[in-house]
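**Student:** Line by line, the protein sequences are chains S, X, E and W. Reminder that position 272 of the first sequence reads as 272 in the UniProt record's numbering, one-by-one numbering, no gaps. Reminder that position 36 of the second sequence reads as 36 in the UniProt record's numbering, one-by-one numbering, no gaps. Reminder that position 15 of the third sequence reads as 15 in the UniProt record's numbering, one-by-one numbering, no gaps. Reminder that position 75 of the fourth sequence reads as 75 in the UniProt record's numbering, one-by-one numbering, no gaps. Every residue gets a Cβ at the ideal spot worked out from N, C-alpha and C, and that includes glycine.
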Amino acid sequence: MKLLELNNVSIDYKTIEGNIRAVDKICLSIEDGEILGLVGESGCGKTTLIKSIIGLLPQNGTVAEGEIFFENENLLKLTKDEMRKKRWKDISMITQSAMNSLNPVYKISWQIVEAIQAHKEISKEDAYKRAEELFELVGLEKGRLNDYPHQYSGGMKQRAIIAMALALNPKIIIADEPTTALDVIVQSQILERINKLLENYQGSMILVTHDMSVIAQTCTKVAVMYGGKIVEYGEVNQVFKEPNHPYTMGLKNAFPSLVGEKNDLISIPGIPPNLLNEIKGCRFKDRCPFSIEKCSQENPKKTNIEEGFFYCHREEEREKLRVLASKQETWLQENIKE
Amino acid sequence: MRLLKYITKRILVMLLTLFVLVTILFFLFRVVPGDPVSMFIDSGLDRESQELLLKHYGLDKPIGQQYIIYIKNLLKGDFGNSFQYGKSALEVIAERFCNTMILMVTSLIIAFFIGITAGAALAWKRNTKFDMIGTIIALIVRCAPIFWTGMILLSIFAFKLKILPLGGMNTPGMRFDNLLEKYLNFDFLKHLILPAVTAALYSAATPLLVMRTSMLEVIKEDYIELARAKGLKEKRIMRKHAMRTALLPVVTIFAVQAGFAIGGSVLIETVFRWPGMGREIVLAVSFRDYPLAQTAFLLIGVMTALFNLIADILYAYLDPRVALD
Amino acid sequence: MITLNKILRMLRNNKVGMIGLLIFLSFVIIAVFADRIAPYDPMKIQYDSDGGVKRLQPPSKEHYLGTTWMGRDVFSQMIVGSRIAVLVGVISAVCVVFIGTNIGLIAGYFGGTLDNVMMRLVDIVYGIPFLPFALILVAILGPGIKNIILAIVLITWRNSSRVIRSQVLSLKNRTFIEAAKLSGASHWRIIYKHIAPNVMPLSLVYVSTTMASAIMTESSLSFLGFGDPLQVSWGKILYACYSSQAMFKAWWWMIPPGIAITLLVLSGYLMGRAFEEIANPKLRER
Amino acid sequence: MSSLQDSRYILEANNIRKDFNVKVKNNKIVAEEKILKAVDNINLKIKPGETLGLVGESGCGKTTTAKLLLGLYKPTEGKIICEGTDITAFKRKQLKAFRKKAQMIFQDPYESLNPRFKIKDVLIEPLIIHKIGSNYKEQLKIAEDILEEVGLKPAQTYLERYPHEMSGGQRQRVAIARALILNPSLLIADEPVSMLDVSIRAGILSLLRKMIKERNLAAICISHDLSLIRYISDYTAVMYLGKIVEIAPTEQLIKKRFHPYTEALLEAVPNPDPDFKISLQNIKGEAPNPVDKPNGCSFHPRCVKCMEICKKEQPQQVEIEKGHFVLCHLHKNKNS
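(1) Please report how far the alpha carbon of residue 187 of chain E lies from the alpha carbon of residue 178 of chain W, in whole angstroms.
(2) Does the separation of the CB atoms of residue 28 of chain S and residue 266 of chain W fall below 8 Å?
(3) What residues in the segment 158–192 of chain S bring their beta carbon closer than 8 Å to a beta carbon of chain W?
(4) Using the Cβ count rule (16 or more neighbours within 10 Å means buried), how would you classify residue 248 of chain S?
(5) Going straight from the alpha carbon of residue 137 of chain S to that of residue 194 of chain S, what length do you get?
(6) Do the CB positions of residue 297 of chain X and residue 281 of chain X come within less than 8 Å of each other?
(7) Whole-angstrom Cβ separation of residue 215 of chain E and residue 85 of chain E, contact assumed at under 8 Å?
(8) Looking at the strands, I want to know which residues DSSP matches up with residue 17 of chain W.
(9) Kindly confirm or deny that the segment 80–95 of chain E and the segment 54–71 of chain E touch, where touching means at least three C-beta pairs closer than 8 Å.
(10) So, helix, strand or coil for residue 332 of chain E, using DSSP?
(11) Going by DSSP, which residues form a beta bridge with residue 249 of chain W?
(12) Could you tell me if the beta carbon of residue 95 of chain X falls within a distance shorter than 7 Å of some heavy atom in the ligand GTP?
(13) Does the beta carbon of residue 54 of chain W sit closer than 8 Å to a beta carbon anywhere in chain S?
(14) Quick one, which of E/199, E/96, E/89, E/148 has its alpha-carbon nearest residue 108 of chain E's?
(15) In whole angstroms, what is the alpha-carbon distance linking residue 255 of chain X and residue 108 of chain X?
(16) Against chain S, does residue 244 of chain X count as a neighbour if the rule is that its beta carbon must be under 8 Å from one of theirs?
(17) Fully enclosed by the segment 214–278 of chain X, which alpha helix (DSSP H) runs are 4 residues long or longer?
(18) So which of X/79, X/135, X/9 has the shortest CA-CA distance to residue 204 of chain X?
(19) Distance check for residue 18 of chain S and residue 119 of chain S, CA to CA, integer angstroms please.
(20) At a Cβ cut of 9 Å, what residues of the segment 92–104 of chain S count as close to chain X, listed as they run along the chain?
(21) Nearest-angstrom Cα distance between residue 146 of chain X and residue 114 of chain E?
(22) Is the beta carbon of residue 251 of chain X less than 8 Å from the beta carbon of residue 184 of chain X?
(23) Just list the alpha helix (DSSP H) runs in the segment 168–253 of chain S, keeping only unbroken ones of 4 residues or longer that don't cross its boundaries, in chain order.
(24) Compute the distance between the beta-carbons of residue 96 of chain E and residue 152 of chain E, then report whether it is under 8 Å.
(25) Going straight from the alpha carbon of residue 193 of chain X to that of residue 239 of chain X, what length do you get?
(26) What does residue 258 of chain E touch in chain X if you count any residue whose Cβ is under 7 Å from its own?
(27) Of all the options S/302, S/292, S/217, which has the alpha carbon lying nearest to the alpha carbon of residue 277 of chain W?
(28) Indicate whether at least one CB of chain X lies closer than 8 Å to the CB of residue 392 of chain S.
(29) If distances are taken between C-alpha atoms only, which option among W/223, W/228, W/300 comes closest to residue 259 of chain W?
(30) Is the shortest distance between the beta-carbon of residue 320 of chain X and the beta-carbons of chain S less than 8 Å?
(31) Could you give the DSSP three-state label for residue 267 of chain S: helix, strand or coil?
(32) Please classify residue 169 of chain W: does DSSP put it in a helix, a strand, or coil?
(33) Between residue 56 of chain S and chain X, is the shortest Cβ-Cβ distance under 8 Å, so that the two count as touching?
(34) Note down, one range per segment and in chain order, each beta strand (DSSP E) of at least 3 residues found wholly within the segment 99–181 of chain W.
(35) For residue 257 of chain W, which three-state DSSP category applies?
(36) Assuming contact is defined by CB atoms lying nearer than 8 Å, are residue 222 of chain S and residue 39 of chain S in contact in what I supplied?
This is the structure we're talking about:
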């Protein structure tokens, strides 16, 4: 069953310099129990997209078109109060910088109890008991519940936020860069913990990150975003083994690995497009070593493959491109036409 | 018992400050050209009685010696005799001190209450007409001279509408047996309204603007977004999350603001002829009654320092991240 | 260093700051040309054709803002009074911020004992109640603008030096300062080439607000009767108005000086807020 | 020994230590003062043309070590020797000469360039300080050349820009140019790519590597990510709570590591490959606050192979294979 379905969603930001279309006509769905990874560079619109789902776009941002269905109900049609009641109870969130997401002047227990009591008629004592359970679940000592956030280390804060997100057994959890600010070991500990929790958790999750390796570790599906669009979507194994979009291929190259022999690290030349200007054709064309005339004239069409899709004008030649993309020479600045 | 140690340390610093103040004042009053005595002694007196008076006040000795005697006396709690009143300066000031405190504390409470709530409200409704007009009013009140505001309020409420008294602290001719009776009556309250409101208006503007700015910053914090994501009601987010943390910078300025208010009492009390310390300083200075001026000034210094200490401790309690050092 | 041009460029995109600057500049112009604008000698007693003193006359064609109890022209007093306000404001602001910025820069950058001593000194000065101190100082040294400015400078340097010091403390740990150190830059080069330009907006905040508070202080002291006896100032007009007991009758005497003080002080605060937004980008994007 | 230093090395750090006084607040209103041993007895030697990687979690003392080596901090104890003299005892003139030789690239390109300086001012400043180039025009030419060298072509289009008008990758290139403009012989890069977008990291890393090789620099690259270090450094030192716990040639370290912490660190790096899932078996808990270092081996509370001796005695460094040193009670010196 489809739990969440985004239908042709576009999001605009009003800025002093003009309108920015941060998210452009995105279609995406997530089924019950699915763990979707959303990956892309900074400014690609991934955070904007998930904020629109939970209804927390900043004041200057609006959903310009499209629909967001959650359990067959259009979230954009709900009143403010109806949406408020959905938050945390049905859709909860692990925010980008968990470091700053806890209010510094309240004890952790207070903040968790508050979240529970906002949606449930429950006594303080019972809510506190639930908080203790949650702490055990995420691997924190119960005794630390009554500490203030600044007494926690980064990893502990992240765990506390995860505990809070699980408090009401939401149907979907949105995790925005949950491990970015953490050290390697702590990051792995948290990822391990998330994996373990997901085994017993019935709902779905969207994990937003810039880090392909994090996606590889946790997710079942992955959507790759570039310049406000989803350029490729599919099963994690498939996308990692046989990427179909040149951007995915490049992104995969850019990640260093400790497994096996040292292979060349390749970067994608150029910088992401400025969304202030309207872009004709494919958004990746300026950085793509395979771009052809057609790329700057027409928007690429969707190519459906089993369990996924991607947008590229050279979809027929993808086998050949994949081989080329693994070579360093391909990605030299000189090979890219302006 | 670290807190006790901290407070002791702070009090020592405060005493040092006061000592510096006393020293500066003592020499300021005495080193300047011109005979201070001539200011308060009727020039009609003959030389002999003048010298007698000088001796009586200890003014015939060399200045270094006078200073040592003065400090010794201060330590004994003897602040010297007022030239004007002919009695102990401390005694004169003690009563004035109470009057000033009542006026200041009342106005500060009103000011911070108005400032905090209105500042938070303006920030919550940011970028609206309500916010703009409110901010402009606050700015104007902040920039208008306090004595002028007082004069205008006096003309309106006391002179035109005749609903409040023109000044002073009690209607002349009233007698009281004790302090309680003096302050706890309707007549006193009526006299208190105008000066307290004037001082409060002036003192409210700064906490209001600080609260507004601080709220605007807090609103952008991640934990406010998380509070929204938690599905809390907007009112709760504003009160429990935004206002609570935005309050911290307001506490920091409390000390400075209290200092301003106490300094401003000089003006308020002059306009409303409130028999407090501020007005007494002006009078004492005009008459070169330096023991009196010094005593009043010293007490004002103590009050300023105390407010500072209170604000710092309050801050450390309100913000679990901050430690006193 | 800072030119008017640079300030203008900074304020160009800031409506609030522009308004403040405009108000301030108009007062400066009035002050400069006060002699030509003022129709009468502000201290001269005006007589009507019968030879009687024009006491407390309401505004009229001859006297735009009426006359005082002594029969002097209020409008002329207002115009000439702007001189003291602008003078005291500008001179004290520049002195105070010059001292405060340098103390802040040096104490913050070098730290250690020097910083400790400086900051204890700031603490002590913070313990001095400003207005009573100024009052006593002026009363003793004799009324006059010089002493008023002295009193303001002696006390208000504390505000800017403390805030600028803490700004310097955070700046000196920024990596671009470390990079400059690694380039072999001397301490003075780092302080005045790298740090100072970055605290300049903050210094300008204090120039503006100190100007405002200096003007307020001058008028307060004048109102208490400790103004310069030879010069007309707005505070002194209000002092005369208050002590003549005529303030309830002659609104034209009481209202204008207050408005003028408010406006000029306001201009300082508005510019200050504008510079604050420049100094602290967090405040900018709302 | 007549000379204090082996002439093959550019810089030698002997038993350096750095303590900081910090204020700690533990559930109390009033703060407590404590000593933080940020760097604890470190020995390092750096050769031209060679890159040393310094890996560890945040707070392990990597950056402090770098700043000690560059003379930005004064060590509490120990000597740092450059060309036969101790840099901690440098006078002003000597220090200025040393600055010319040792440069650094910082983590955050948004922070390391003065926001009020144009790119040309950023680049020319070191030239002015060290009086290189006879006139402004000549200095400008040097700046242009170096900009082109770091891949910002054509240089003229960048000279007049302010840092905020450039992307993160471009700024980091400017930072590299500034570090190299004085022709240093030692270069320290502190997490040079961690703030940059993934797709451009490789470009900056390969630029760095190219510069180090071309100019025969002695280099130190700091990172929390072993997988990145692998691409740039010849040797790698692993740091934990102020100490170097293992040091070896990089590929050797990745293939065969001896310290349990290195083991954990390697295990923890997630792979961009869904077939290799993380499982952390070699470490417990989180790093303690460096203010409260455990007794004995400071890693023992998290170590899965902890023995009695680890709780009491600090381990001594042993050379377990040629050029491979470990600080752990599990291993004995091969020769002894």
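**Tutor:** From the atom records:
(1) 19 Å
(2) no
(3) 183, 184, 185, 186, 187, 188, 189, 191, 192
(4) buried
(5) 10 Å
(6) yes
(7) 5 Å
(8) W/77
(9) no
(10) Since the first residue of chain E shown is 1 and the last is 286, residue 332 of chain E is not available in this structure.
(11) W/235
(12) The ligand GTP is absent from the structure shown, which contains no ligand whatsoever.
(13) no
(14) E/199
(15) 11 Å
(16) yes
(17) 222–229, 244–271
(18) X/135
(19) 39 Å
(20) 92, 93, 95, 96, 97, 98, 99, 100, 101, 102, 103, 104
(21) 38 Å
(22) no
(23) 184–200, 212–218, 236–241, 246–253
(24) yes
(25) 30 Å
(26) 144, 145, 148
(27) S/217
(28) Because chain S here runs from 1 to 338, residue 392 of chain S falls outside it and cannot be looked at.
(29) W/300
(30) yes
(31) coil
(32) helix
(33) yes
(34) 102–105
(35) coil
(36) yes
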